[in-house]
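J.:
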Amino acid sequence: MKFRISNVVPAVVLFTGIASALSVHDSTSALKRETAKPRRVHSLLINPAGQPAVPSLKAATTAANAAGLNLDDIQGDILIGMKKMKELFYFFGIADVASFKTKLATDILPLITTTTQMLDNSTQPITLLNIAFSQRGLDALNVSDSLGDSDFFNGQFEDAQNLGDPGTTNWVPEFTGTGIHGVLLFASDTVVNINDAVSSLESAMGNSMTKVYSLSGAARPAPNAGHEHFGFLDGISNPPVNGFTPSPLAGQSNVSAGEILVGEDGDFGTRPDWAKGGSFLVFRQLKQLVPEVRTSFGARMVGRWKSGAPVELSPLFDDPVLGADRSRNNDFTFAETTDQSGCPFGAHIRKTRPRIDLGTDDTGRHIMRAGIPYGPEVSTDEATENTTSTERGLAFVSYQSTIGNGFKFLQQTWANSQFFAHGQGPDPIIGALAGAERDITGLDPTDTTKTTKLTTDFVVSRGGEYFFSPPLSAISGKLSI
Ligand code: N7H
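Residues -23 to -1, 1 to 458 (mature numbering (1 follows the signal peptide of the UniProt record, and there is no 0)) are what the sequence shown spells out, left to right.
1. Shorter than 7 Å, the distance from the beta carbon of Ala347 to the closest heavy atom of the ligand N7H, or not?
2. If you draw a straight line from the alpha carbon of Phe274 to that of Asn47, how long is it in whole angstroms?
3. Is DSSP giving Ala41 helix, strand or coil here?
4. Any heavy atom of the ligand N7H closer than 7 Å to the beta-carbon of Ser214?
5. Is Phe392 near the ligand N7H, judged by its Cβ being under 7 Å from some heavy atom?
6. Does the distance from the C-beta atom of Ile333 to that of Gly203 stay below 8 Å?
7. Which full runs of the alpha helix (DSSP H) of 4+ residues lie inside the stretch 302 to 340, going along the chain?
8. Entirely within the stretch 84 to 154 and at least 3 residues each: give me those beta strand (DSSP E) ranges in chain order.
9. Got a sec: does the ligand N7H put a non-hydrogen atom nearer than 7 Å to the Cβ of Val168?
10. Compare the C-alpha of Gln101 against each of Ala82, Ile57 and Gly144 and name the closest.
11. For the candidate residues Arg248, Val120 and Ala312, whose alpha-carbon lies nearest to that of Phe257?
12. Where Ile213 and Val168 are concerned, what is the direct C-alpha to C-alpha distance, given to the nearest angstrom?
13. Mind checking which residues open and close the alpha helix (DSSP H) that includes Thr79?
14. Using the Cβ count rule (16 or more neighbours within 10 Å means buried), how would you classify Phe294?
15. Asp242 and Ser233: beta carbons closer than 8 Å?
16. How far does the beta strand (DSSP E) with Arg415 in it reach, from first residue to last?
17. So Leu449 is in the alpha helix (DSSP H); what residue range does that whole segment cover?
18. Please report the distance separating the alpha-carbon of Phe207 from that of Asp250.
19. Look at the alpha carbon of Leu88 and the alpha carbon of Met95, and state the distance between them as a whole number of angstroms.
20. Could you give the DSSP three-state label for Val259: helix, strand or coil?
21. Pick out whichever of Glu362, Glu354 and Ser394 has its Cα sitting closest to the Cα of Gly370.
22. According to DSSP, simplified to helix, strand and coil, what is Gly300?
23. Tell me the DSSP secondary structure of Met182 in three-state form.
24. Does Ser176 come out as helix, strand or coil in the three-state DSSP assignment?
25. Taking Cβ to Cβ, would you say Arg261 is nearer than 8 Å to Phe209?
26. From which residue to which residue does the beta strand (DSSP E) around Thr429 run?
27. Could you say which of Ile157, Gly255 and Pro217 lies nearest to Leu124 if we only look at CA atoms?
28. When we look at the beta-carbon of Thr90 and count the other beta-carbons within 10 Å, is it buried (16 or more) or exposed?
29. Tell me whether Val288 is buried or exposed, calling it buried when 16 or more other Cβ atoms sit within 10 Å of its Cβ.
30. Do Gly53 and Thr92 come within 8 Å of each other at the CB atom, strictly closer than that value?
31. Which whole-angstrom value is the C-beta distance of Lys427 and Asp421, which I expect to be below 8 Å?
32. Could you tell me whether the Cβ atoms of His325 and Ile406 are closer together than 8 Å?
33. Can you tell which of Tyr443, Ala409 and Ile452 has its C-alpha closest to the C-alpha of Gly144?
34. Count the other C-beta atoms from every protein chain shown that fall within 10 angstroms of the C-beta of residue 489, then say buried if there are 16 or more, exposed otherwise.
35. Can you give me the start and stop residues for the alpha helix (DSSP H) that Glu359 sits inside?
36. Any chance the stretch 219 to 228 sits against the stretch 365 to 385, with 3 or more Cβ pairs inside 8 Å?
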């Protein structure tokens, strides 16, 4: 039977949901603390200049109705992108299957945030909650249907070599086994809100699940909100999606909903009916060696300046006005220059989305990036010594309808190898050759034929897992019965 939330769940209902989770297991004082909280008045999302805004509820609903998308059934993190203020990734194992299934329906489902709820401050919950399962998690739940994605089926640990990781010795130990059955995503504007939601849920779930590992992320403090740890504005060019984004910005065009969402128009995989509206969630903990990057070629490595201004349009200097201008900062194709005097052929944004280099942007290789930075700002000592002493990086999240067409294709086929059209070396940001030196041309604007030898990987994989973020109807149906 298909579960469908008939209407937007108002904040007060969600709030009651959290409170009731608390009231079952917790003291009256905790309940009072919750009831004392005001309803949300500020968005839990950041909205820095330069990043596209989230569409209005009205516009998204109109687009969704026209395309047949059910935004009440699609989990709220998938189409929103890199806009969370604080986020906790809580990786769990299922300890008692029967009890977990029951509580999945009674205690988790009412708190899951839908896409519709995320589109307006007044309907956003105090803390967003989403859930996704690994193949081991589906196995534990006795779900035997194939989701039609072999990478998901095998898990990320099996894929380390294909992704260019130098083995798994740098991996967080918890990612190297098969003990992670799922991940809970908590997002809010304060850590206190997240901690409250975590303890409520932990008490509600009792011994049915165990915490295996967690990673806490946060948008960087002002004036760097929206910028990742190397300093660059991120989340500028997530793809607009048919059925969600009413009017794409200049230089962007809508991708089929089925590039991101399973079972929707443009997804060519074979999926069970209950998976429709879900998406594969790739999680990677990517450590960044920030103090070690002492290069004036940073913008040429990324293909954008720190403000977000594209190097193709402003090759010689940063142009913050262009970077902040949503109507112009994506309006380029790489045909503006034919050599590497504009954007280097191997720059990160050109490798991961070659635009007109392939003759068309309609490659079917788009991903929705929804990660967040983790770890502290660089300390004075680290800056002085040019050495990382406390880990920081990107809690990378991407959503796609097929991992092998999305994240894995971008990492393995485009970022790690020679650029198919030009042979200028791997991606200087994320390209990985199992730890081997990377030779790249185009980084020096005064001599674009010069080869730069990168002997250090400035982004180090600490591993991760492949998950499936199911539609709410599957959480209430297939997965909990
Ligand atoms: Fe990237 N960076 O700060 O250098 N990325 N990325 N990424 N990335 C982008 O356009 C970065 C990673 C893509 O449509 C920007 O939104 C860092 C992985 C794609 O034009 C910046 C890490 C993969 C795009 C960064 C990292 C991708 C993109 C420009 C790891 C996939 C959009 C801002 C620590 C395998 C391209 C923007 C387009 C953009 C950075 C990881 C993919 C600044 C530091 C693993 C598809």
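For each residue, glycine too, the CB sits at the ideal point set by N, CA and C.
T.: Reading off the structure:
1. No, since every heavy atom of the ligand N7H falls outside the 7 Å radius drawn around the Cβ of Ala347.
2. Their Cα atoms are separated by approximately 44 Å.
3. DSSP places Ala41 in helix when its eight states are reduced to three.
4. It does: the Cβ of Ser214 is within 7 Å (strictly closer) of some heavy atom of the ligand N7H.
5. Checking the sequence, you will find Ala at residue 392 rather than Phe. In this structure, the ligand N7H has a non-hydrogen atom nearer than 7 Å to the beta-carbon of Ala392.
6. Cβ atoms of Ile333 and Gly203: not closer than 8 Å.
7. DSSP runs (the alpha helix (DSSP H)) wholly in the stretch 302 to 340: 325 to 329.
8. Entirely contained in the stretch 84 to 154, the beta strand (DSSP E) runs reaching 3 residues are, in chain order, 105 to 110.
9. No, since every heavy atom of the ligand N7H falls outside the 7 Å radius drawn around the Cβ of Val168.
10. For Gln101, the closest of Ala82, Ile57 and Gly144 by C-alpha to C-alpha distance is Ile57.
11. Considering only Arg248, Val120 and Ala312, the residue with the shortest C-alpha distance to Phe257 is Arg248.
12. If you draw a straight line from the Cα of Ile213 to the Cα of Val168, it comes to about 25 Å.
13. If you look at Thr79, you'll find it in the alpha helix (DSSP H) that goes Val74 to Lys80.
14. Exposed is the call here.
15. Against a cut-off of 8 Å, the Cβ pair of Ser233 and Asp242 comes out as a contact.
16. Here the beta strand (DSSP E) through Arg415 covers Arg415 to Thr418.
17. DSSP places Leu449 inside the alpha helix (DSSP H), whose first and last residues are Leu449 to Ser453.
18. Counting only the Cα atoms, Asp250 lies some 42 Å from Phe207.
19. Roughly 13 Å separates the two Cα atoms.
20. Val259 carries a strand assignment under DSSP once its states are collapsed to helix, strand and coil.
21. It is Glu354.
22. Note: Gly300 maps to helix in three-state DSSP.
23. DSSP, read as helix, strand or coil, puts Met182 in helix.
24. Three-state result, Ser176: helix.
25. No Cβ-Cβ contact shorter than 8 Å links Arg261 with Phe209.
26. Looking at the DSSP string, the run of the beta strand (DSSP E) that includes Thr429 is Thr428 to Leu431.
27. Among Ile157, Gly255 and Pro217, the Cα nearest to that of Leu124 belongs to Gly255.
28. By the 10 Å Cβ count, Thr90 comes out buried.
29. Under this definition Val288 is a buried residue.
30. In this structure, the beta-carbon distance from Thr92 to Gly53 falls below 8 Å.
31. A Cβ-Cβ distance of about 5 Å is found for the pair Lys427 and Asp421, placing them in contact under the 8 Å criterion.
32. Yes.
33. Gly144 has its Cα closest to that of Ala409, out of Tyr443, Ala409 and Ile452.
34. Outside the shown range of the chain, which is -23 to 458, sits residue 489, and nothing can be said about it.
35. Per DSSP, Glu359 belongs to the alpha helix (DSSP H) from Thr357 to Glu362.
36. With fewer than three CB-CB distances shorter than 8 Å, the stretch 219 to 228 does not count as touching the stretch 365 to 385.
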